[in-house]
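K.L.:
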Amino acid sequence: MELAHNVARARALFGASERPLAFVPTMGALHDGHLELVRRARGRAATVAVSIFVNPLQFGPDEDFAAYPRDAESDRAKLEAAGADILFLPEARELYPRGFSTLVEVGSLGTAFEGAYRPHHFRGVTTIVAKLLNIVAPDVLVLGEKDAQQAAILQKMIADLNIPVDVEMVATVREDDGLALSSRNRYLDETQRARAPSLYRALTAAREALEGKRSKEQAIARGRAALAAGATLDYLDLVDPVTFATLERSEGPALLVAAARFGTTRLIDNVRVNA
Ligand code: PAF
């Protein structure tokens, strides 16, 4: 696996790489969910590029930027084993030099749900991913379904800005008890870890109710009831997977989305509804 620590070296490597080139952007602290993205990229492309960059622009002032897990050596070994060809490890001072002031925003899609709880988060995500796409210039961008709103926003940005890249979505990887893999799961203490799978149970209880022709209110109530005591639900709702507009019933493609706090750790998850 070749390494690039700066933009010039990255451009040289990506420019000389065999096409198609598939790209997996990450913030490191890699788990099997990330590696599944790399494996999918491997199946789609001649060259697989991964970036690791803990993007300061997508963290709020009270969020976990400083504490976000950083595990460079172990990440590198996992990526080698999963078959990545190029690892891009940019530095914040090169990506955001003094005077940097251009931001990419997608509008209302970025202010609902996660955007309401994490103001400016998505504008940080779209700005860094637009920059990375300009540097890497991949043929395929590989994203995980777990971050469904992020994926919808990035697809909107790609369409609105005519960025020539295909998006490949990969299903969420879960622990045996249903908990979606996330780098933030490592913040959970034993009690919180035992409660955390109830987020997925809340979503599946709501989905079963909708698929059993219950009303949305009944479905959401069933979902709420399935969440462990001691967890705090930020939202549980039915949305259009593309626009994230709230839906009253699931007649076409629909997504149940949820976020809950287990102690200070905030987890998100979603499931598709086929009602
Ligand atoms: O999902 C993530 O890990 C990040 O939001 C991303 C897409 C790498 C941008 O920093």
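If you read the sequence shown in the numbering used here, its first letter stands for residue 7, the second for the next number, and so on.
All C-beta atoms in this analysis are idealised placements derived from N, C-alpha and C, irrespective of residue type, glycine included.
#1: Just to confirm, are I226 and L205 a CB contact at a threshold of 8 Å?
#2: Pick from A10, P31, K162: whose alpha carbon is nearest that of V60?
#3: In whole angstroms, what separates the C-alpha of A16 from that of V142?
#4: Spatial neighbours of E97 within its chain, please: C-beta separation below 8 Å, excluding the five flanking residues on both sides.
#5: If you draw a straight line from the C-alpha of A215 to the C-alpha of E100, how long is it?
#6: Could you tell me how far apart the beta carbons of R278 and L253 are, in whole angstroms, since I believe they sit closer than 8 Å?
#7: Does the region 100-109 come into contact with the region 142-155, if we say contact requires no fewer than three beta-carbon pairs (one atom in each stretch) closer than 8 Å?
#8: With R190 and L273 assumed to form a contact (beta carbons below 8 Å), what rounded beta-carbon distance in angstroms separates them?
#9: Between the region 233-250 and the region 168-177, can you find at least three pairs of beta-carbon atoms closer than 8 Å?
#10: For the putative contact between G136 and M163, defined by C-beta atoms under 8 Å, what is the C-beta separation to the nearest angstrom?
#11: Taking the C-alpha atoms as reference points, what is the distance between Q224 and A158?
#12: Does the beta carbon of P62 fall short of 7 Å from some heavy atom of the ligand PAF?
#13: Between T133 and the rest of its own chain, which residues show a CB-CB distance below 7 Å, the 5 nearest in sequence each way excluded?
#14: Looking at the secondary structure, which residues open and close the beta strand (DSSP E) in which I274 lies?
#15: Does Y102 come out as helix, strand or coil in the three-state DSSP assignment?
#16: If contact is defined by three or more beta carbon pairs under 8 Å, each pair taking one atom from either stretch, is the region 22-37 in contact with the region 112-120?
P.N.:
Considering the structure as presented:
#1: no
#2: P31
#3: 7 Å
#4: H11, N12
#5: 50 Å
#6: The pair is not a contact, with the Cβ atoms about 13 Å apart (cut-off 8 Å).
#7: no
#8: 7 Å
#9: no
#10: Checking the sequence, you will find Ala at residue 136 rather than Gly. Confirmed, about 7 Å.
#11: 27 Å
#12: no
#13: L63, L109, V110
#14: 271-279
#15: coil
#16: no
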